[in-house]
Amino acid sequence: MDQIIENLPKTAGYKMGNTFFHVVCYADDAVLIADTEDNLQRLLHAFNLKAKQLNMIINTEKTKCLVTSKEAVRCKLEVDSKLIEQVNHFQYLGVGISSYGNLQKEVREHTMKASRISGCLNDIVWRNKYLNTESKIRIYKAAIRPVITYAAETRPDTAKTMQMMRTTEMKVLRSIHGKTLHDRARNEDIREWSKIQDIGRWVRQRRRHWNKHVRRMDDNRLAKKAQQNNPIGKRSQGRPPKRWRECWTSSSGEDLLGLNRR
Numbered sequence: 004m005d006q007i008i009e010n011l012p013k014t015a016g017y018k019m020g021n022t023f024f025h026v027v028c029y030a031d032d033a034v035l036i037a038d039t040e041d042n043l044q045r046l047l048h049a050f051n052l053k054a055k056q057l058n059m060i061i062n063t064e065k066t067k068c069l070v071t072s073k074e075a076v077r078c079k080l081e082v083d084s085k086l087i088e089q090v091n092h093f094q095y096l097g098v099g100i101s102s103y104g105n106l107q108k109e110v111r112e113h114t115m116k117a118s119r120i121s122g123c124l125n126d127i128v129w130r131n132k133y134l135n136t137e138s139k140i141r142i143y144k145a146a147i148r149p150v151i152t153y154a155a156e157t158r159p160d161t162a163k164t165m166q167m168m169r170t171t172e173m174k175v176l177r178s179i180h181g182k183t184l185h186d187r188a189r190n191e192d193i194r195e196w197s198k199i200q201d202i203g204r205w206v207r208q209r210r211r212h213w214n215k216h217v218r219r220m221d222d223n224r225l226a227k228k229a230q231q232n233n234p235i236g237k238r239s240q241g242r243p244p245k246r247w248r249e250c251w252t253s254s255s256g257e258d259l260l261g262l263n264r265r
């Protein structure tokens, strides 16, 4: 895969600052990024040629095309005369990527998965009278909370997405303590009984740890370049989506990058 990436055009990707982002890959799952349809087709053609030289084949049935835009934009890509399907939503490494940047759909999918897991553990763990509460909380922290907050440290949460995560967490904690909404037990009391902090604060801690991890990276690492550079172009009219940096600043009052940006 490294040989394929080195063979790709260096100036056919998406420009942020002085850096072109043209490919992101994990094992044999690769994402090609470009600012125009022609540049993306060039990247795909070069990727396919080098892959064939290494006896590798692109699975055209699993390969999808996605355009990030508020309006419907058609993108026609081909691999060996086979048309690539264009979609509006795609799952990559467990994260939902949508053409319109809808984070609520991604968070809803994670919370639904966590609720299904919690439902499977309801009779086995949560209602098990031979298992103490401390052990149940440990199981929640190990099996449920990571599903609710998957990739939360890398995205800008809104009040709606944060409320969705809090609601799912409290539903699980109430099941652990055998409480329902009719018992009128306050969320703060349930957290105190569970000796667990609010999931919003826990996410901010994860975001802080992730930022420190990125700042320790070498300057040539892709994650650090993406954090330090700004995209080329103008933002759309109206209230723009919240940036990851703004999400941190609004929640803690700190400048996450240690930079004074205007």
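For the sequence shown, position 19 matches number 22 in the numbering used here, and the numbering has no gaps at all. Glycine included, C-beta positions come from ideal geometry on N, C-alpha and C.
Cβ shell of residue i (< 7 Å), same chain only, five flanking positions each side left out
{"i": "Asn190", "result": "Met173"}
{"i": "Arg246", "result": "Pro159"}
{"i": "Asn10", "result": "Ala49, Lys53"}
{"i": "Val110", "result": "Thr164, Met167, Met168"}
{"i": "Val1", "result": "The question about residue 1 has no answer, for the chain in this structure spans 4 to 265."}
{"i": "Tyr103", "result": "Lys73"}
One or two residues paired with residue i in a DSSP bridge
{"i": "Gln94", "result": "Gly99"}
{"i": "Cys68", "result": "Gln89"}
{"i": "Met18", "result": "It should be pointed out that residue 18 corresponds to Lys in this sequence rather than to Met. In the DSSP output, where bridge partners are listed per residue, Lys18 has Phe23."}
{"i": "Val82", "result": "Lys85"}
{"i": "Pro159", "result": "DSSP output for Pro159 lists no bridge partner at all."}
{"i": "Pro234", "result": "Met19"}
Range covered by the alpha helix (DSSP H) that runs through residue i
{"i": "Met115", "result": "106-124"}
{"i": "Ala226", "result": "225-231"}
{"i": "His185", "result": "No alpha helix (DSSP H) contains His185, which DSSP labels as neither H nor E."}
{"i": "Thr171", "result": "162-180"}
{"i": "Ala54", "result": "40-56"}
{"i": "Ile140", "result": "136-142"}
{"i": "Trp196", "result": "190-197"}
{"i": "Val206", "result": "202-218"}
{"i": "Val76", "result": "Where Val76 is concerned, there is no enclosing alpha helix (DSSP H), given that its DSSP letter is neither H nor E."}
{"i": "Asp5", "result": "5-9"}
{"i": "Val128", "result": "Careful: Val128 lies outside any alpha helix (DSSP H) and carries neither H nor E."}
{"i": "Ile151", "result": "148-151"}
Cβ-based neighbour list, residue i, same chain, cut-off 6 Å, excluding 5 preceding and 5 following
{"i": "Arg265", "result": "With a pLDDT of 33 at Arg265, under the threshold of 50, the predicted position of this residue should be treated as unreliable, though the coordinate-derived value follows. Excluding positions up to five away in sequence, the list is empty."}
{"i": "Asp38", "result": "Tyr17"}
{"i": "Tyr95", "result": "none"}
{"i": "Arg209", "result": "Glu156"}
{"i": "Ile100", "result": "Phe93"}
{"i": "Ile8", "result": "Val26"}
Beta-carbon proximity list for residue i, same chain, < 8 Å, skipping 5 on both sides
{"i": "Ile120", "result": "Ala146, Ile147, Val150"}
{"i": "Asn125", "result": "Ser178"}
{"i": "Lys67", "result": "Ile87, Glu88, Gln89, Val90, Phe93"}
{"i": "Gly97", "result": "Tyr153, Ala154"}
Boundaries of the beta strand (DSSP E) in which residue i is found, first to last residue
{"i": "Ala33", "result": "32-35"}
Residue i: CB within 7 Å of a non-hydrogen atom of the ligand GTP
{"i": "Arg204", "result": "Ligands in the displayed structure: none, and consequently the ligand GTP is not present."}
Given 8 Å, three or more beta-carbon pairs between the segment 217-234 and the segment 19-35: Yes: at least three Cβ pairs fall under 8 Å.
Would you check if the segment 165-179 and the segment 196-207 touch, i.e. whether three or more CB-CB distances between them fall below 8 Å? The segment 196-207, when compared against the segment 165-179, does touch it at the 8 Å Cβ threshold.
Count the C-beta pairs between the segment 54-69 and the segment 84-92 that are closer than 8 Å, then say yes if the count reaches three, no if not. Yes, the segment 54-69 is in contact with the segment 84-92.
Quick check: the segment 6-20 against the segment 38-45, are there 3 or more CB pairs under 8 Å? Output reads yes: the segment 38-45 touches the segment 6-20.
With a cut-off of 8 Å, do at least 3 Cβ pairs link the segment 176-185 to the segment 216-230? In this structure the segment 176-185 does not touch the segment 216-230; the number of beta carbon pairs closer than 8 Å is below three.
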